[in-house]
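For reference, the structure is listed below as structure tokens.
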């Protein structure tokens, strides 16, 4: 599938594909795909030989990195040693650690260390731990933002930790398009699906994704499985495990919550929203997005991308119309500011929309049908990384006109924003 939008004197194309266990599946448009993954995949064993280091962007511009890791018993060192690949001079940064309790679980020491003022487009090596426990990893910073800067994003949602999840992550790592940063669309460990919200599943998930997440930033979006609201367990603080484990640079974009924030990376301006936080008029998320969208400089970052967990255009009976509250409030802004693409998860299938909007309705005029609108985003759901819930069978029939392509597959996406193609 190839999307084309023209901005002034240059064109930008965005390629998005899904990789299933049967190979590449390009989004041809206007049809429903035949591939359906098997209905159930068992969890991987708890003693898988994996670990718990991950990184994300540490500022709005891409010159910062947040490095997170867990020490199971004692805090150990909060220090990160790092140096550029072409330099022998080693630097160090000091971090913090936090712990939390959830019902009968006590976390290890969760370390977060932010490194600032890195050089663009540079490979860095970093070390964490002390003595025999020292471990070494690397990452690459993005090029400086600009309209002519190509970059490759991976897209994964609703991954879980089954054998199918392992297939997805393995395929992403071996994809010849070589994604450099993962845009993660929510629903991580699925710990809340286990008895007593078994938080050890957060640990096993962190170990599982480390093989990729320790080497390239994962840009986090919170999903419904991150809420962990369990009054029956006397756990009434939403998102407690998620917010302790996954720090993001929300203050860099003047957000008041880690559940919504923005970053710039290469030619893309990426806005992360929270489907499960208050979003109506006068709420903190509403006020932040209202003020954030006018700040986007399309001459610097021509691609405007929104991430949210729950899709607002969905023709699957699973989670049908669950995104209506956000659509009613925010869709007119997406059209006004010409958002290019909105990526979501939640529905365990793949779907791509046409460019449509449904913003003409008020309670008097009855105009409540989506119409073609070239100022509107394309809405793409990539909601099945392989989790234990299985595929979302049950597409609404007939296929509605807003839906260009849909398929009950599992896998990942690759997005390549490119500017100045003429």
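Numbering (the UniProt record's numbering), first residue to last: 1 to 422.
No residue lacks a Cβ here, since even glycine has one placed at the ideal position from N, Cα and C.
Every value quoted in this text rests on a predicted model; they were computed, and no experiment measured them.
- Contact between the segment 76 to 85 and the segment 114 to 133 is established, with three or more Cβ pairs separated by less than 8 Å.
- Here the alpha carbon of residue 358 sits roughly 13 Å from the alpha carbon of residue 336.
- Looking at the DSSP output, residue 136 sits in a beta bridge with 127.
- Here residue 151 really is in contact with residue 265; their C-beta atoms are around 7 Å apart, less than 8 Å.
- In the structure shown, the three-state DSSP call for residue 233 is helix.
- Rounded to the nearest angstrom, the Cβ distance from residue 145 to residue 58 is 15 Å, too far for a contact under 8 Å.
- According to the DSSP assignment, residue 325 belongs to the alpha helix (DSSP H) that extends over 324 to 336.
- Taken through DSSP and simplified to helix, strand or coil, residue 316 comes out as strand.
- The criterion of a C-beta distance shorter than 8 Å is satisfied by residue 296 and residue 269.
- Distance between residue 184 and residue 221, taken at the CA atoms: about 6 Å.
- For residue 265, the enclosing beta strand (DSSP E) starts and ends at 261 to 265.
- Beyond the five residues adjoining it in sequence on each side, residue 363 comes within less than 6 Å, by CB distance, of no other residue in the same chain.
- Beyond the five residues adjoining it in sequence on each side, residue 206 comes within less than 6 Å, by CB distance, of 52 in the same chain, given in chain order.
- Beta-bridge partners of residue 270 (DSSP): 263, 305.
- Sixteen is the threshold: when 16 or more other Cβ atoms of the shown chains lie within 10 Å of the Cβ of residue 154, as they do, the residue is buried.
- Going by DSSP, residue 208 is part of the alpha helix (DSSP H) stretching over 200 to 213.
- In the displayed model, residue 353 falls within a strand according to three-state DSSP.
- The segment 178 to 198 and the segment 337 to 351 touch, with no fewer than 3 CB-CB distances between them shorter than 8 Å.
- Residue 259 is a Cβ neighbour of residue 277, given a cutoff of 8 Å.
- Collapsing the DSSP output to three states places residue 82 in a strand.
- Runs of the beta strand (DSSP E) lying entirely within the UniProt domain "Purple acid phosphatase C-terminal" (376 to 413), each at least 3 residues long, are 378 to 382, 403 to 408 in chain order.
- CA-CA distance, residue 394 to residue 288, rounds to 36 Å.
- Counting C-beta pairs closer than 8 Å gives three or more between the segment 395 to 409 and the segment 310 to 317, which meets the contact rule.
- When the beta-carbon positions are compared, residue 361 and residue 406 stay at least 8 Å from each other.
- Beta-carbon to beta-carbon, residue 373 and residue 356 are separated by about 6 Å, close enough to satisfy the 8 Å threshold.
- Bounds of the alpha helix (DSSP H) holding residue 292 are 284 to 292.
- Within the same chain, Cβ atoms closer than 6 Å to the Cβ of residue 271 are found at 262, 306, the five residues on either side in sequence being excluded.
- For residue 170, there is no enclosing beta strand (DSSP E); the residue is part of the alpha helix (DSSP H) that begins and ends at 163 to 174.
- Under the three-state reduction of DSSP output, residue 74 falls in the coil class, being neither helix nor strand.
- Taken through DSSP and simplified to helix, strand or coil, residue 300 comes out as coil.
- In terms of Cα proximity to residue 204, the closest of 293, 178, 354, 70 is 70.
- In this structure residue 381 is buried. Its beta-carbon is surrounded by 16 or more other beta-carbon atoms within 10 angstroms.
- Within the same chain, and ignoring the five residues on either side of residue 160 in sequence, the residues whose Cβ sits closer than 7 Å to its Cβ are 190, 385, 386, 387, 388.
- For residue 237, the closest of 413, 209, 101 by C-alpha to C-alpha distance is 101.
- Apart from the 5 residues on each side of it in sequence, residue 91 sits with its Cβ closer than 7 Å to the Cβ of 82, 83 in its chain, given in chain order.
- Using a Cβ distance threshold of 8 Å, residue 73 and residue 108 count as a contacting pair.
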